[in-house]
Amino acid sequence: MDEDLIFIEAKESGERIDALLAHNIPFLSRNAVQNLIFSGMVTLQGKPIKKNYRAQSGEIFEILLPPALDSELTPQDIPLDIRYEDDSVIVINKPRGMVVHPAPGHPDHTLVNALLYHCGESLSGIGGEKRPGIVHRIDKDTSGLLIVAKNDYAHQFLSAQLSDHTLSRVYEAIACGNFREETGTINRPIGRNPNDRKKMAVTETNSRPAITDWKVLNRYSGYTHIQCKLHTGRTHQIRVHMASIGHPLLGDGLYGAKCPDKGLEGQCLHAAKLKFIHPETRQEIHIEAETPEYFKNILAHLRNPI
Numbered sequence: 000m001d002e003d004l005i006f007i008e009a010k011e012s013g014e015r016i017d018a019l020l021a022h023n024i025p026f027l028s029r030n031a032v033q034n035l036i037f038s039g040m041v042t043l044q045g046k047p048i049k050k051n052y053r054a055q056s057g058e059i060f061e062i063l064l065p066p067a068l069d070s071e072l073t074p075q076d077i078p079l080d081i082r083y084e085d086d087s088v089i090v091i092n093k094p095r096g097m098v099v100h101p102a103p104g105h106p107d108h109t110l111v112n113a114l115l116y117h118c119g120e121s122l123s124g125i126g127g128e129k130r131p132g133i134v135h136r137i138d139k140d141t142s143g144l145l146i147v148a149k150n151d152y153a154h155q156f157l158s159a160q161l162s163d164h165t166l167s168r169v170y171e172a173i174a175c176g177n178f179r180e181e182t183g184t185i186n187r188p189i190g191r192n193p194n195d196r197k198k199m200a201v202t203e204t205n206s207r208p209a210i211t212d213w214k215v216l217n218r219y220s221g222y223t224h225i226q227c228k229l230h231t232g233r234t235h236q237i238r239v240h241m242a243s244i245g246h247p248l249l250g251d252g253l254y255g256a257k258c259p260d261k262g263l264e265g266q267c268l269h270a271a272k273l274k275f276i277h278p279e280t281r282q283e284i285h286i287e288a289e290t291p292e293y294f295k296n297i298l299a300h301l302r303n304p305i
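Residues in the sequence shown are numbered consecutively from 0, following numbering that gives the first Met the number 0.
Have a look at this one:
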């Protein structure tokens, strides 16, 4: 695969270059960006820059992405619930409990393993060896829609939509407690929890803007069925935002009750709607995934508690 060249313009002054690039290239982690800087792959007017360089408004940086490594992951014949597919993209309705990409503790039987079997070599390499084609991710215990790129152009095109918030994602969730209002917006920055590196938190320190719209769908005794629309895509955004206003998601042991609630371990959260501009046709694509059985069962129990 050939190298790819990306150009990023700084819109304001003072931001560190690694943070600027990680913010504008969603498919690269901050660590990956730092490795590119260290390797001299990020230049300004033809000269490599240092990782602590602070950008000035109007500066245009060149980022040279090296060829993707051949993946050593094993393709595995795992059934996929495919909701849309063509030569550019594939949209999967991920089941609750499936890990998206390999990580410590989950080396295989992930969505990536299943995609490698289904798509063969027809996946974008930009995400790196462990994340071929992955444009965005959803947590293991979150069910629902996830879009995957089949080539590098599609990956960059979709990632740009993710960055400028034109790739629309709507979720359904069950939150603990009763909301006073019918709708609301949470506009609170999210960053790594300074006291627990495994968690995110609403914080002003080393954080990024995060905005979530919510509205009530149904009310139950002690719980509320809500819809959430993301304007940004921070890690654990809905879970962190809901916990920050006193309404952690049902089953969320990381940000809510430590003990299983209603027999559910893991957050009750479903990526229900996805809207994006197709990278080739430029048509707007709308996809929906119906409420899964585990979610329906919880709602039935809330309607008719035993």
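Each residue gets a CB set at the ideal place from its N, CA and C atoms; glycine is no exception.
Hey, out of the options, whose CA is closest to residue i's CA?
| i | options | result |
| --- | --- | --- |
| R207 | R233, N192, N217, T182 | R233 |
| N194 | L249, T204, L145 | T204 |
| F178 | R187, Y219, A209, N303 | Y219 |
| Q266 | S158, R196, A31, G96 | G96 |
| L248 | H269, T231, L229 | H269 |
| T182 | L161, D138, K197, M241 | M241 |
| G176 | A256, L229, Q155 | A256 |
| S12 | L263, Y52, G45 | Y52 |
| E287 | I77, G252, L145 | L145 |
| L216 | R191, A174, N192 | A174 |
| H277 | I5, E84, K49 | E84 |
| I17 | K50, D251, D151, G250 | It is Asp, not Ile, that sits at residue 17 in the sequence shown. Residue K50 is the option with its Cα nearest to D17. |
| G143 | G250, A159, V98 | V98 |
| H230 | R187, P259, E264 | R187 |
| N23 | E264, A159, D260, R191 | A159 |
Going by beta carbon distance, what residues of the same chain come within less than 6 Å of residue i, once the five residues before and after it are set aside?
| i | result |
| --- | --- |
| E14 | A54 |
| H235 | M199 |
| D69 | Summary for D69: the model assigns pLDDT 46, below 50, so the residue's position carries little reliability; its value from the coordinates is reported in the next sentence. Cβ within range, chain order: n/a, list empty. |
| L35 | V41 |
| P47 | G39 |
| A21 | R29, V32 |
| L301 | Y219, Y222 |
| K228 | V169, D212 |
| T109 | V98, H100, P101 |
Is residue i buried or exposed, if buried means 16 or more other CB atoms sit within 10 Å of its CB?
| i | result |
| --- | --- |
| G245 | exposed |
| S322 | The question about residue 322 has no answer, for the chain in this structure spans 0 to 305. |
| I185 | buried |
| P106 | exposed |
| P304 | exposed |
| R130 | buried |
| H154 | buried |
| H285 | exposed |
| I81 | exposed |
| G262 | exposed |
| P101 | buried |
| D163 | exposed |
| D76 | exposed |
| G45 | exposed |
| N296 | exposed |
Would you check if the distance between the CB atom of residue i and the CB atom of residue j is smaller than 9 Å?
| i | j | result |
| --- | --- | --- |
| D307 | E283 | Lying before the first or after the last residue shown, residue 307 is absent from the chain, which here runs from 0 to 305. |
| A172 | I225 | yes |
| V134 | L115 | no |
| P74 | G119 | yes |
| L161 | V111 | no |
| K149 | S121 | yes |
Less than 7 Å between C-beta atoms, sequence neighbours within five positions excluded: which residues of the same chain meet that for residue i?
| i | result |
| --- | --- |
| L79 | I91, A113, H117 |
| V239 | I189, M199, A200, V201, Y254 |
| A9 | L19, A54, Q55, S56, G57, E58 |
| L298 | H224 |
| L43 | E58, F60 |
| K214 | E181, T182, I225, Q226 |
So, for residue i: in the same chain, excluding its five sequence neighbours on each side, which residues have a beta-carbon less than 8 Å away from its beta-carbon?
| i | result |
| --- | --- |
| L4 | E61, I62, L63, L64 |
| F6 | I59, F60, E61, I62 |
Original post:
Contact between the stretch 268 to 276 and the stretch 160 to 168: three or more CB pairs below 8 Å?
Top reply: Output reads yes: the stretch 160 to 168 touches the stretch 268 to 276.
Original post:
Quick check: the stretch 282 to 297 against the stretch 91 to 104, are there 3 or more CB pairs under 8 Å?
Top reply: The stretch 282 to 297 vs the stretch 91 to 104: in contact.
Original post:
How do the stretch 27 to 45 and the stretch 57 to 66 stand: do at least 3 beta-carbon pairs fall below 8 Å, yes or no?
Top reply: By the Cβ criterion, the stretch 27 to 45 is in contact with the stretch 57 to 66, since at least three pairs of Cβ atoms, one from each stretch, lie closer than 8 Å.
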